[in-house]
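Student:
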Amino acid sequence: MKITKNASGKTKIKISKSEWETIGTKMGWMKKANCNYHQDIYYTITINGQEYDIIVGVRITRIENDGIGPYEFWGAKGYDKGQNYIDDFDIENVKMDSGNPDIDFLPEQKAKIIKILENSPRFNDKVQEEISVDDITQDAQDQAEAYKYDSAKDEYHLRN
Numbered sequence: 039m040k041i042t043k044n045a046s047g048k049t050k051i052k053i054s055k056s057e058w059e060t061i062g063t064k065m066g067w068m069k070k071a072n073c074n075y076h077q078d079i080y081y082t083i084t085i086n087g088q089e090y091d092i093i094v095g096v097r098i099t100r101i102e103n104d105g106i107g108p109y110e111f112w113g114a115k116g117y118d119k120g121q122n123y124i125d126d127f128d129i130e131n132v133k134m135d136s137g138n139p140d141i142d143f144l145p146e147q148k149a150k151i152i153k154i155l156e157n158s159p160r161f162n163d164k165v166q167e168e169i170s171v172d173d174i175t176q177d178a179q180d181q182a183e184a185y186k187y188d189s190a191k192d193e194y195h196l197r198n
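Residue numbers (our numbering): 39 to 198.
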């Protein structure tokens, strides 16, 4: 992103296609957004009849939107912005929530727990509930609202 001023004193912004696509995806203009957002989730897992309270480090890697955009139905025109939702995430770490940092799972136990969580629809639902897509996309919305589009010049300008 580059901000310049022309001879008349107008402020202009030059933004790359990938930067604009990132903003557009997070605002709902485009279908997919890649992101890099981390959050810890508290979860209870049962292994061999034993319940464990764990802290799962989750990194959101992709957000999608289920909207169809502009449409026309029997002469009525509208726009379906849709809903943003978490499409893909990675489990980065698993820790025992014991209050004692010296007590934790062995590396092979962590790998087993991560594999269980990756295949668990219940954990996927928990991620969708715990992590707000609105919080993730708020910064992108603030950035996008700072610019206006000049269709005559096909340029984006910083709002004054």
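Quick reminder that beta carbons are idealized off the backbone N, C-alpha and C, glycines included.
Tell me the rounded alpha-carbon separation between alanine 24 and tyrosine 123.
Tutor: Residue 24 lies beyond the stretch modelled for the chain, which goes from 39 to 198, so this question has no answer here.
Student: Is it buried or exposed, leucine 144, if we count other Cβ atoms within 10 angstroms and call 16 or more buried?
Tutor: Result: exposed.
Student: In whole angstroms, give me the CA-to-CA distance for threonine 84 and threonine 42.
Tutor: If I take the Cα positions, the gap works out to 58 Å.
Student: Using the beta-carbon count (16 or more within 10 Å), is asparagine 138 buried or exposed?
Tutor: When all chains shown are included, asparagine 138 counts as exposed.
Student: If you follow the beta strand (DSSP E) that asparagine 265 is in, where does it begin and where does it stop?
Tutor: Outside the modelled stretch of the chain, which goes from 39 to 198, sits residue 265, for which no answer is possible.
Student: Go through the segment 91–152 residue by residue and report every complete run of the beta strand (DSSP E) that reaches 3 residues or more, in order.
Tutor: You should have 107–111, 114–118, 122–134.
Student: Excluding sequence positions up to five away, which residues of its chain have a Cβ less than 7 Å from the Cβ of aspartate 128?
Tutor: Taken in chain order, the residues that qualify are Arg97, Thr99.
Student: Report the rounded CA-to-CA distance for isoleucine 79 versus asparagine 44, giving the unit in angstroms.
Tutor: Near 49 Å, if we compare the C-alpha coordinates of asparagine 44 and isoleucine 79.
Student: In whole angstroms, what is the alpha-carbon distance linking isoleucine 93 and lysine 119?
Tutor: Roughly 34 Å separates the two Cα atoms.
Student: Less than 6 Å between C-beta atoms, sequence neighbours within five positions excluded: which residues of the same chain meet that for asparagine 131?
Tutor: Excluding residues within five positions, the ones whose Cβ falls inside 6 Å are Gly95.
Student: Do aspartate 217 and aspartate 135 have their C-beta atoms closer together than 7 Å?
Tutor: Since the first and last residues shown for the chain are 39 and 198, residue 217 lies out of range.
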